[in-house]
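Reviewing the structure listed below.
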Amino acid sequence: FFFGVFFFFFFFQAEDGIRDAQESRGLGDVYKRQVVEFALNRYDGGWNGRAGKLDDTCYSYWNGATLECLGISFEKMVGSEYTEQFLYSCQKETGGFAKYVYSKHSDILHTFYSLGTLSFLTTTNMNRINCFLGIPEHLLPKHCLKYSPAH
């Protein structure tokens, strides 16, 4: 889902540059609205990838980064309190974050995505992760595009 949005974002951006004489449509209002609706419907106190699937910490990043890539503040749309509660409920005493609340052990993948999601929230005071590249924005080379559409 995220990679599809990522592709369409850049495809329509390139297409807009070709069609100078016409009004720019970016991702397109209809497509953007559908993507935003899909991403927001994945939230039910935690985040999932599709209806009927268990809440999973990595989907907090995929859905949050999708909204951020579209220029929509993840934090403003969903709020930070419940997302933080969900993620911290998956944090383990031994360190890191697990996939599910009931998982016994953390793993590096879900820890990365949980920290990435927390970086989108201003309440955490963390270095922000670039939603396109998945690395901290302050580490991007100066010549690299620092695109963070929601901020």
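In this text, residue positions in the sequence shown follow my numbering: the first is 156, and each later residue adds one.
Ideal Cβ positions, reconstructed from N, Cα and C, are used throughout, including at glycine.
Note that the coordinates shown come from a computational prediction; the quantities given were computed from them, not determined experimentally.
Pairwise C-alpha distance: Lys208 and Cys224: 24 Å
Environment of Arg188 [buried if 16+ CB atoms lie within 10 Å]: Label assigned to Arg188: exposed.
Every unbroken alpha helix (DSSP H) within the region 207 to 265, with a cutoff of 4 residues, ordered by chain: 212 to 224, 229 to 233 and 236 to 244
CB contact flag (Thr221, His265, <7 Å): No, these two residues do not count as a Cβ contact at 7 Å.
Classification of Leu294 by the beta-carbon crowding that lies within 10 angstroms, buried from 16 upward: Leu294 should be labelled exposed.
Selected residue, minimal CA-CA separation from Gly219, among Asp210, Ala206 and Trp202: Trp202
Proximity below 7 Å, CB of Ser269 to CB of Val256: It is not a contact, given that the beta carbons lie outside the stated cut-off.
In DSSP terms, what Ile290 is bridged to: None, per the DSSP bridge assignment.
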